[in-house]
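Report on the structure given below.
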Amino acid sequence: NAGVMQNPRHLVRRRGQEARLRCSPMKGHSHVYWYRQLPEEGLKFMVYLQKENIIDESGMPKERFSAEFPKEGPSILRIQQVVRGDSAAYFCASSVTVGGPVNTEAFFGQGTRLTVV
Amino acid sequence: GQQLNQSPQSMFIQEGEDVSMNCTSSSIFNTWLWYKQDPGEGPVLLIALYKAGELTSNGRLTAQFGITRKDSFLNISASIPSDVGIYFCAGQGNNQGGKLIFGQGTELSVKP
């Protein structure tokens, strides 16, 4: 079984360009989460999506950032007009369901490392 | 908002020694998870805890869900060089969906 797949692994963008990060959840998982990790810090929650719905976007910056999880295809995290401060590792996680006690574990992808130059 | 304090921030130990790290929260969590992250990789789930007081082992790793539901610890026994990495605790609160709050991480170095 394939795990959570993220691509690209590394992405370099110039200031002002758009960055699109893709995440394919594990087979059978319908819940997707995006996290951001700055160097030498823990992961910070950004957004939680279920197929075609944004459930919780409390960690998303109000501007330039958006996320979607369409009925078909991967989840996309989109960052418009990138700035140097957007440079970070972006991780996607998926889970089968929520609310415990079983099958709520989130499994993470290998991340996309975004560098804005 | 909910915050997790993880300690220690880093540890330097000899191979064969036991290791202990812990996390405390300002509020109650329903689930505690422990992850390990290697450089350039995503976090890998080590242990999941779902009940206050629960003690769970995974090989040389043992973790406990504090009785107050505001803390958890992870022990690694007889450390080996491949234990090197960053260990994160993560908590899941009530009515938070699957959203996880992460600690700042404990960086473990093991000297052969």
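Just so you know, the sequences run in chain order A and B.
83 is the number of the first residue of the first sequence in the numbering used here; add one for each residue after it.
2 is the number of the first residue of the second sequence in the numbering used here; add one for each residue after it.
Backbone N, C-alpha and C define an ideal beta-carbon position, used for all residues, glycine too.
According to DSSP, residues forming a beta bridge with residue i
i                     : result
residue 159 (chain A) : A:103 and A:149
residue 10 (chain B)  : According to DSSP, which records beta bridges pairwise, residue 10 (chain B) is partnered with nothing at all.
residue 176 (chain A) : A:114 and A:189
residue 138 (chain A) : A:130
residue 166 (chain A) : Residue 166 (chain A) is not bridged to any residue.
For residue j and residue i, the rounded distance between their alpha carbons
i                     : j                     : result
residue 42 (chain B)  : residue 54 (chain B)  : 31 Å
residue 174 (chain A) : residue 113 (chain B) : 34 Å
residue 46 (chain B)  : residue 112 (chain A) : 19 Å
residue 6 (chain B)   : residue 150 (chain A) : 31 Å
residue 102 (chain A) : residue 32 (chain B)  : 32 Å
residue 121 (chain A) : residue 84 (chain A)  : 27 Å
Partners in chain B for residue i, counting only beta-carbon separations shorter than 9 Å
i                     : result
residue 177 (chain A) : 99
Host beta strand (DSSP E) of residue i (start-end)
i                     : result
residue 117 (chain A) : 113-119
residue 37 (chain B)  : 32-38
residue 88 (chain B)  : 86-93
residue 56 (chain B)  : 56-59
residue 86 (chain A)  : It is not in any beta strand (DSSP E) - residue 86 (chain A) carries neither H nor E in the DSSP assignment.
Test: residue i CB closer than 8 Å to a CB of chain B
i                     : result
residue 188 (chain A) : yes
residue 155 (chain A) : no
residue 111 (chain A) : no
residue 123 (chain A) : yes
residue 137 (chain A) : yes
residue 151 (chain A) : no
residue 127 (chain A) : yes
Contact list for residue i against chain A, beta-carbon separation under 8 Å
i                     : result
residue 42 (chain B)  : 192 and 193
residue 104 (chain B) : 124
Residue-level contact to chain A via CB, residue i, 8 Å cutoff
i                    : result
residue 1 (chain B)  : One cannot answer for residue 1 (chain B) here, as it falls past the ends of chain B, which runs 2 to 113.
residue 34 (chain B) : yes
Contact set between residue i and chain B, taken where Cβ atoms lie within less than 8 Å
i                     : result
residue 173 (chain A) : 43 and 44
7 Å Cβ cut-off: residues of chain A touching residue i
i                    : result
residue 49 (chain B) : 187
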